[in-house]
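Undergrad: Dropping the structure in here first, questions after.
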Amino acid sequence: MLTQEQRDFYGENGYIGVEAVLTAEEVADLQRVTDEFVEKSREVTEHTDIFDLEPGHTPANPRVRRIKNPGLHHVVYDYALRHPRILDIVEQLIGSGVRYNGHKLNMKYPEFGSPVEWHQDWAFYPHTNDDLLAVGVVIDDMTVENGALMILPGSHKGPTLDHHQDGAFIGAVTDPNFTPEGAVPVELKAGGITIHHVRALHGSAPNTSDKPRRLMLAQYCAVDAWPLKGIPDWETFNSSIIRGEPTNEPRMVVAPVRMPEPYAELKGSIYEVQSLLDDPLYANKGQ
Numbered sequence: 363m364l365t366q367e368q369r370d371f372y373g374e375n376g377y378i379g380v381e382a383v384l385t386a387e388e389v390a391d392l393q394r395v396t397d398e399f400v401e402k403s404r405e406v407t408e409h410t411d412i413f414d415l416e417p418g419h420t421p422a423n424p425r426v427r428r429i430k431n432p433g434l435h436h437v438v439y440d441y442a443l444r445h446p447r448i449l450d451i452v453e454q455l456i457g458s459g460v461r462y463n464g465h466k467l468n469m470k471y472p473e474f475g476s477p478v479e480w481h482q483d484w485a486f487y488p489h490t491n492d493d494l495l496a497v498g499v500v501i502d503d504m505t506v507e508n509g510a511l512m513i514l515p516g517s518h519k520g521p522t523l524d525h526h527q528d529g530a531f532i533g534a535v536t537d538p539n540f541t542p543e544g545a546v547p548v549e550l551k552a553g554g555i556t557i558h559h560v561r562a563l564h565g566s567a568p569n570t571s572d573k574p575r576r577l578m579l580a581q582y583c584a585v586d587a588w589p590l591k592g593i594p595d596w597e598t599f600n601s602s603i604i605r606g607e608p609t610n611e612p613r614m615v616v617a618p619v620r621m622p623e624p625y626a627e628l629k630g631s632i633y634e635v636q637s638l639l640d641d642p643l644y645a646n647k648g649q
């Protein structure tokens, strides 16, 4: 469980890193299963419902940058999504009752690994309140060199920046005045977790080391946070509740919102959408 000091840090900065949430055995299971999935990716040559591939992927040299919805494909991932210690921590930050609204496993293998340009998750899925956060389960030791998650402290208290280019949503900050000055890395040992607020500005550079960086990201919401773009249907919406009971009374708060519409013509993962960005910050820095 978090200490009051940790909870205060999260409230002030919009992120926190927590060491040793998973056991060594749980980490080893995640590493083993992930290796098995990468091995299976040799059978495909383009993106699928499971794999998002790096440029240059071949059967002889598999390069996977994302496993989509991993909890749907293996019990080890599903357990991580529902890990009781993780959920206990999440409830300390967003209150009792937890819904998830997406998960994925992002991977940066040695000496390649696509960057993720600066963005706010809130720009993708605004809700009636902002008691939403993302948890990153650290599968390998995460360092600056292998592409650690970067956060801009305190940015969760600020505006929702523009993520549109030429009028289309491309999933990356396009505000010409934006600079990630003051950004900090979240460096953790395998088995730790990162937590960042849904409105916090974040990104990550390519892996320039000889060590992999695999991070399973799960997005959690308060049960009474409803997506502003609507729900598919009552049963489907409530099937994503992990703790707590359904409610048809959304809690409303004042929060800055920009709807992710109209969407760019190139749809897919964040990597695909961000590839349209004319002025990527990481590329400009030679990373």
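Residue 649 is where the sequence shown ends in this note's numbering, and the numbering goes up by one at each step. Backbone N, C-alpha and C define an ideal beta-carbon position, used for all residues, glycine too. Computed from a predicted structure; not experimentally measured.
Note down, in chain order, each residue of its chain lying with its Cβ closer than 8 Å to the Cβ of I603, except the 5 sequence neighbours on either side.
TA: Translated into the one-based positions of the sequence shown, residue 603 becomes position 241. These residues qualify, in order along the chain: G459, V460, R461, V585.
Undergrad: Tell me which residues share the same chain as D391 and place their Cβ nearer than 6 Å to its Cβ, disregarding the 5 neighbours each side in the sequence.
TA: On the sequence shown, residue 391 is found 29 positions in, with the first residue counted as 1. Excluding positions up to five away in sequence, the list reads V438.
Undergrad: Taking the C-alpha atoms as reference points, what is the distance between I555 and A562?
TA: Within the sequence shown, residue 555 is the residue found at index 193, counting from 1. Within the sequence shown, residue 562 is the residue found at index 200, counting from 1. Straight across, the Cα-Cα distance linking I555 with A562 is about 16 Å.
Undergrad: Look at the alpha carbon of S637 and the alpha carbon of H518, and state the distance between them as a whole number of angstroms.
TA: As a first step, residue 637 must be located in the sequence shown, where it is residue number 275. As a first step, residue 518 must be located in the sequence shown, where it is residue number 156. About 25 Å.
Undergrad: So, with DSSP's three-state summary, where would you put P432?
TA: By one-based count along the sequence shown, residue 432 stands at place 70. Three-state result, P432: helix.
Undergrad: Report the residue ranges of all beta strand (DSSP E) runs contained in full by the region 463-487; include only those spanning at least 3 residues, in chain order.
TA: 478-481
Undergrad: Taking only runs that begin and end inside the region 491-539, name each unbroken beta strand (DSSP E) of 3 or more residues, in chain order.
TA: Counting only runs of 3 or more, we get 494-500.
Undergrad: Given this structure, state the Cα-to-Cα distance separating V635 from A534, to the nearest angstrom.
TA: Indexing the sequence shown from 1 puts residue 635 at position 273. Indexing the sequence shown from 1 puts residue 534 at position 172. Each residue's Cα considered, the two are about 8 Å apart.
Undergrad: According to DSSP, is V380 part of a helix, a strand, or is it coil?
TA: To locate residue 380, count along the sequence shown from 1; it is residue 18. In the structure shown, V380 sits in a strand (DSSP, three-state: E or B).
Undergrad: At which residues does the beta strand (DSSP E) containing A584 begin and terminate?
TA: In the sequence shown, residue 584 corresponds to position 222, counting from 1. Element bounds for A584: 575-584.
Undergrad: By the three-class DSSP mapping on this structure, what secondary structure does L590 have?
TA: Translated into the one-based positions of the sequence shown, residue 590 becomes position 228. Correct three-state label for L590: coil.
Undergrad: Look up L415 in the DSSP assignment and give the residues it is bridged to.
TA: Looking up residue 415 in the sequence shown gives position 53. Bridge partners of L415: V426.
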